[in-house]
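There are 2 protein chains.
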Amino acid sequence: MYLDELCLKAKNAKYSVAKLTREEKDNALNVIAKSLVDDEESILAANAKDIEAGVANGMHQGLLDRLTLNHERIEGMAEGIRQVAALDDPIGKILDVSTRPNGLKLTKITVPMGVIGIIYESRPNVTADAFALCFKAGSAVILKGGKDAINSNTAIVASIKKGLAQCGITEDAISLIEKTDRETTTEFMKKKEYVDLLIPRGGAGLIKAVVDNSTIPVIETGTGNCHIFVDESADFNEAIEIIFNAKTQRIGVCNACESLVIHENIVKEFLPKLYEKLSTKNVEIRGDKASCEALSEAKEATEEDFYKEYLDYILSVKTVSNTEEAIDFINEHNTGHSDAILSKNEENIRKFLQGVDSACVYANASTRFTDGFEFGFGAEIGISTQKLHARGPMGLEQIVSYKYLIEGNGQVRG
Amino acid sequence: MYLDELCLKAKNAKYSVAKLTREEKDNALNVIAKSLVDDEESILAANAKDIEAGVANGMHQGLLDRLTLNHERIEGMAEGIRQVAALDDPIGKILDVSTRPNGLKLTKITVPMGVIGIIYESRPNVTADAFALCFKAGSAVILKGGKDAINSNTAIVASIKKGLAQCGITEDAISLIEKTDRETTTEFMKKKEYVDLLIPRGGAGLIKAVVDNSTIPVIETGTGNCHIFVDESADFNEAIEIIFNAKTQRIGVCNACESLVIHENIVKEFLPKLYEKLSTKNVEIRGDKASCEALSEAKEATEEDFYKEYLDYILSVKTVSNTEEAIDFINEHNTGHSDAILSKNEENIRKFLQGVDSACVYANASTRFTDGFEFGFGAEIGISTQKLHARGPMGLEQIVSYKYLIEGNGQVRG
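Chains A and B supply the protein sequences, listed in that same order.
Note that the numbering used here numbers the first sequence so that position 84 is 84, with each residue one more than the last.
Note that the numbering used here numbers the second sequence so that position 382 is 1382, with each residue one more than the last.
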């Protein structure tokens, strides 16, 4: 009952959001950015309650850090919303026009998705980010954030609604599911009659729960068991810098390197040199037999290791005898996110770019670039690891749909 | 166990199918077309068993007709495959190229979906059609046809596999699930680790079962509660021809008109004239109060009528006082398939094309044109009624994915 009412309001709101002009949307986003800055005091007070509860519940430091808002982070949220306002409008773009032999004129045009649902965990800044992107893409949004951030999210959503109301736009353009129990969340995943798209953002457990339970079309995001293959022709110094960057620049992200594949002809020479650099960050190596022989500090990897997204200072290492074997190994173990070859052999690079079945396949660069901002999209709502609809970083253009307008003068089918 | 083995073979096959050149694919399709023609005798013998069982089980005439193969229908299947061979290759198309400020070169390129699953009912010609489209799109296909057509499907698939083998292509490019019990089908819908996309083709019950149970990304197809809105400025004669065509040209299809929305200012004059024509095909009218007043032959519609896809000689009629009301009524009752306005008022036409939330929105033409062939796609694997990935008729371009190739020279993220 609670959910049906909330979803119905969002469904009704989608029609008026869809009609807003670019100017109306951008103006509203700027007003909302100001509203958030103005409401800093109440948002921080709400956030303090969440932090207090987190500490009382023994929440660990990393999560507490993600949950914490402060002056800079609120300014950051507002600035993110202003940046989305500055991006091109993804709606109303003509993708194709044709006239059929019978005179029917077909126009394929981008339109809003309608109602987008986002299920996420404890980072309250996602609340503002996700709203801004969905709103600019002409959709109403229903947010289900983590229980730990409920007070922060409620305050942020209230501030956004206030900004919408100031602009004469329906406050139902954003809805927050305030019941944070698991049953309500599972029920939400089945509200197909109201919600056009559901995007889960968070850990593997959350994403699996959504995929298993949702009847709403889902875009799966985030899990990244990213590989780097070091071919025998790789430039060792360049390779060491790239791997060091991909493994250690930020360990908790989905585009970090988790698994190394090394050509057997170079493993003895390369791996100890690489380890010299990686050991400055205490990276643990879990290798197959040949890697362990090449590096005494390596621990033996289990088969399970090769499927793992560590999100930690750990790297699995597998040796192969050629590029084909590297491709097969990667396609068997990766998550379809990002994989790279480091090589100076053009033929091997071509084979790898063609053969690896991932959203983003790199040659001679760090996998850490898989990101909507780095790709020039100006924003990102997540990184898709499925093949339907959107693959890789998703910006505004990836959260719209299209329709056909067909104009005739009395055509009937014979 | 049976399913895992079959799915694993398809997954392995997808890599070699993905590598085939356009010439290899087109040549194989032509060989397969010939193989089907050559195997007419064995295919018809298998089909005779299905028909015999159908008759024994009291299968009704319409279904028996769909199930029946003959010389012309086998020639038709072969010709359909040859037509797919003649279409452009949808794979390897460069969608976008850019160079980032750091020198990384991004190429967005179309790639095969991988493994596509199709669940369908008793029409054995779908077996050949679906294979041809998926194969041309570079994917392996797993087919689950209706129990009633199992002998026919087995014979068709054997003939296709023979053709593949003649061309030195893995026979696992096509797989038929020969266990036709419901449990196996439901289990198949959860084989997410092997299957990239699942397309149900058939009635509302089949589609609902797939949406409710699948963990594989689904493209929902087919259900069409299509509306035609007759504005007060419509040309009556043109409107009568269009509605007659959309309602009666073929009643069992998803793009047939099921519901009429008429401006209240013209209902008294228009509806009796329309009925004169519709009654030549014995179309039953189920109307709201104003329609029943305008037409004595009309029966009173229930609220349920307005949500119904009749697939029969029945039409519901609702009167409205303006275009906005028509749009709201249609968005509430349609299935997102095809809806039309008949009007000579440009402003109302614009409003309607913008406001109706369907895959195909028409002005002054029959909804019966929603079809891959009519749209010039050269083929069709179904009509999507969801907004994710593909909307409306789906041809080859709608069953591929894309990936990013990122080429660098040592870039790391700062």
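Where is the CB? At the ideal position from N, CA and C, for every residue including glycine.
On a predicted model such as this, the values are computed, not experimentally measured, just so you know.
query                                                                                                                                              : result
Under 8 Å (Cβ pairs) to chain B, residues found in the region 350 to 367 of chain A                                                                : 353, 354, 355, 357, 358, 359, 360, 361, 362, 363, 364, 365, 366
Selection from A:200, A:18, A:9, A:323 that minimises the alpha carbon distance to residue 400 of chain A                                          : A:18
Opposing strand residues paired with residue 279 of chain A [DSSP bridges]                                                                         : Looking at the DSSP assignment, residue 279 of chain A forms no beta bridge with any residue, so it has no partner.
Boundaries (first-last residue) of the beta strand (DSSP E) holding residue 229 of chain A                                                         : 226 to 230
Same chain, Cβ closer than 8 Å to residue 1186 of chain B, neighbours up to 5 away in sequence not counted                                         : 1209, 1213
Test: residue 394 of chain A CB closer than 9 Å to a CB of chain B                                                                                 : no
Cβ of residue 376 of chain A within 9 Å of any chain B Cβ                                                                                          : yes
Partner residues on chain B for residue 236 of chain A, Cβ-Cβ distance less than 8 Å                                                               : Simply none; closest approach about 12 Å.
Exposure label - residue 1060 of chain B; buried when at least 16 CB within 10 Å                                                                   : exposed
Reduced DSSP category for residue 18 of chain A - H, G, I as helix; E, B as strand; rest coil                                                      : helix
Sequence-distant residues of its chain with Cβ nearer than 7 Å to residue 31 of chain A (five each side left out)                                  : 163, 166, 167
Beta-carbon spacing of residue 1307 of chain B, residue 1284 of chain B below 9 Å                                                                  : no
Where the region 1113 to 1135 of chain B meets chain A: residues whose CB sits under 8 Å from a CB there                                           : 1113, 1114
Exposure label - residue 343 of chain A; buried when at least 16 CB within 10 Å                                                                    : buried
Through-space distance from residue 357 of chain A to residue 1367 of chain B, alpha-carbon basis                                                  : 39 Å
Stretch pair the region 309 to 324 of chain A + the region 178 to 196 of chain A: three plus CB contacts closer than 8 Å                           : no
Nearest-angstrom Cβ-Cβ length linking residue 1364 of chain B and residue 410 of chain A, presumed shorter than 8 Å                                : 6 Å
Cβ separation of residue 396 of chain A and residue 137 of chain A, assumed to be a contact under 8 Å, to the nearest whole Å                      : 5 Å
Element boundaries [beta strand (DSSP E), containing residue 1364 of chain B]                                                                      : 1360 to 1365
Rounded C-alpha distance that separates residue 1145 of chain B from residue 1033 of chain B                                                       : 20 Å
Contacts around residue 1279 of chain B, its chain only, beta-carbon distance under 8 Å, and the 5 residues preceding and following it disregarded : 1297
Cutoff 9 Å: residue 1322 of chain B Cβ touching any chain A Cβ                                                                                     : no
Contact set between residue 1241 of chain B and chain A, taken where Cβ atoms lie within less than 8 Å                                             : 410, 412
Every unbroken beta strand (DSSP E) within the region 1177 to 1249 of chain B, with a cutoff of 3 residues, ordered by chain                       : 1197 to 1200, 1226 to 1230
Simplified DSSP assignment, three categories, for residue 1101 of chain B                                                                          : coil
Secondary structure, beta strand (DSSP E): runs of 3+ residues fully inside the region 1033 to 1115 of chain B                                     : 1094 to 1099, 1105 to 1112
Residue closest to residue 255 of chain A, alpha-carbon to alpha-carbon, out of A:381, A:65, A:265, A:227                                          : A:227
Sequence-distant residues of the same chain with beta carbon closer than 6 Å to residue 1078 of chain B, five excluded per side                    : 1033, 1036, 1037
Contact under 9 Å by Cβ, residue 184 of chain A with residue 174 of chain A                                                                        : no
Local Cβ density within 10 Å of residue 139 of chain A, reported as buried at 16 or more and exposed below that                                    : buried
Beta-carbon separation (whole angstroms), residue 1309 of chain B vs residue 1223 of chain B, contact threshold 8 Å                                : 6 Å
Secondary structure of residue 164 of chain A, DSSP reduced to three states                                                                        : helix
Cβ of residue 249 of chain A within 9 Å of any chain B Cβ                                                                                          : yes
Interface flag, residue 1098 of chain B vs chain A, CB-CB below 9 Å                                                                                : yes
C-beta neighbour in chain B for residue 24 of chain A, strict 9 Å                                                                                  : no
Three or more C-beta pairs below 8 Å linking the region 1376 to 1393 of chain B and the region 1265 to 1276 of chain B                             : no
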